[in-house]
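Undergrad: No gaps in the numbering here: position 248 of the sequence shown is 248 in my numbering, and each next residue is one more. Could you have a look at this structure, given as structure tokens, before my questions?
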Amino acid sequence: EKLDHFESALDQFQQALKLSAALAERSDSNLDWQRGLATSHSHVGRLQLLSGQLSEAGIHYEKDVETMTRLVEKQPDNRSWRYALAGSLCNFGQVLEKMGFPDEAMEKYNENLLIMQKLVDLEPDNNTYLHDLASLRGLLSHLLKAKGRLKGALIQARGRLQLMRKLIEKEPDNKNWRREQAVALSQIGRLLELEGHFEQARSTYEAALEIRRDLLRHSPDNVVWQCDLANGLYKTGDIFLARRQMEEARKYYEEAMGIVEKMSKAAVKPEDQAHCLVEKCSILMRLGNLDKERDAVSSFEYYNQALAITAAQARGRSGTNWLELEATIRRNMTN
């Protein structure tokens, strides 16, 4: 049923695109028609991205960028259009990144960064601009990390955190922003960990955990926030494991497992159940790593529990994520 609705929506957007293209072709001077064409390309691209049609989505996002660029050239003082162009560049960059073109994605993100920074300079109290700039810095940090440029990634992640703190100062009760602040802290913690700054990484992870625990005190049944906390707990445990503080690591891993078990019992949607199993496998693998030297039998049992889950899920699902997770578990077993 969902697939039928999705295909129907895509068909409707494609029909709208044909109409928009016909109108835009009639007159280059009608800027509203040109804007409508860009929007139609964006809508089609978005649905194709969601369905995994990356090449097709890339084509439409590129046309969206081309159209918005022409519009901004005609009206450079139109902030609304400059903001729309920034969004188009971000969308195109994300598709390029998913397609395996990191350099091209970086180029689009940097073009977006220039636009958003100028908009923030013009309107420093515009929360939408500030939030989008923070999100963009998060994307840049992620991509720079993937390219091995850790120092640059850390600069962008810290810039993201600074912007989120500025937003929270203005709206301290905005829980979604506080969650994003925790995500930014975790991003910084991971980069510090990769650079070997374990104590700084630990304290940064702990700061993120404090926010996540507080959020759950207000909304204890929020599954997303529960997942955030579990993920943050086992990442903090990894810091202690790296420093061979085994019992501290175990404490974090076991707390994370308790949260995941609770989530699994409450999960109704298949995607939520699958997500819980992924998290459970990740924690079981870490417990296996933890016991590898102390108790080989216990370690083997943890690994086998994780592998049993991946094997069962891989048989019933077409995606390759379970096979990748299985490969990761087996590498940990043999290291």
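We treat Cβ as the ideally placed atom computed from N, Cα and C, and that holds for glycine.
Quick one: Cα of residue 57 to Cα of residue 99, how far?
TA: 10 Å
Undergrad: Output the distance between the C-alpha atoms of residue 119 and residue 174, rounded to the nearest integer angstrom.
TA: Each residue's CA atom was taken as its position, placing residue 119 and residue 174 some 23 Å apart.
Undergrad: Distance check for residue 115 and residue 331, CA to CA, integer angstroms please.
TA: 44 Å
Undergrad: Closer than 8 Å by C-beta to residue 16: which residues in its own chain qualify, once you throw out the five before and the five after it? Chain order, please.
TA: Residues of the same chain with a CB within less than 8 Å of the CB of residue 16, apart from the 5 flanking positions on each side, are 40, 43 in chain order.
Undergrad: Of the choices 37, 236, 122, 276, whose alpha-carbon is the least far from that of residue 88?
TA: 37
Undergrad: Between which residues of its own chain and residue 280 is the CB-CB distance below 6 Å, once the five residues before and five after are set aside?
TA: 260
Undergrad: Can the beta-carbon of residue 130 be found less than 9 Å from the beta-carbon of residue 161?
TA: no
Undergrad: Assuming residue 233 and residue 252 are in contact, meaning their beta carbons sit under 8 Å apart, how far apart are those beta carbons, in whole angstroms?
TA: 5 Å
Undergrad: How about residue 105 and residue 97: do their beta carbons lie closer than 9 Å?
TA: Yes; because the gap between Cβ atoms is below 9 Å, this pair is in contact.
Undergrad: On a Cα-Cα basis, can you pick out the residue from 227, 311, 307 that is closest to residue 275?
TA: 227
Undergrad: Under 9 Å, Cβ to Cβ, is there at least one residue of chain C near residue 127?
TA: Absent from the structure: chain C. Only one protein chain is present.
Undergrad: Hey, residue 186 and residue 235 are a contact pair by Cβ (cut 8 Å); roughly how many whole angstroms apart?
TA: Going by Cβ atoms, the distance from residue 186 to residue 235 rounds to 7 Å, so yes, they are a contact pair.
Undergrad: Assign residue 212 to one of three DSSP states: helix, strand, or coil.
TA: The answer is helix: DSSP assigns residue 212 an H, G or I state.
Undergrad: Given residue 262, which residues of its chain have a CB within under 8 Å of its CB, disregarding the five upstream and five downstream residues?
TA: Same-chain partners within the cutoff: 226.
Undergrad: Is residue 156 helix, strand or coil by DSSP?
TA: helix
Undergrad: Pick helix, strand or coil for residue 121, following the three-state DSSP scheme.
TA: helix
Undergrad: State the Cα-Cα distance for the pair residue 333 and residue 304, rounded to the nearest angstrom.
TA: 10 Å
Undergrad: Rank 20, 219, 143, 132 by C-alpha distance to the C-alpha of residue 167 and give the top, closest one.
TA: 132
Undergrad: If we ignore side chains and look at the alpha-carbon of each, how far apart do residue 231 and residue 312 end up?
TA: 23 Å
Undergrad: Mapping DSSP to helix, strand and coil, what is residue 147?
TA: coil
Undergrad: With DSSP collapsed to three states, give me the class of residue 267.
TA: coil
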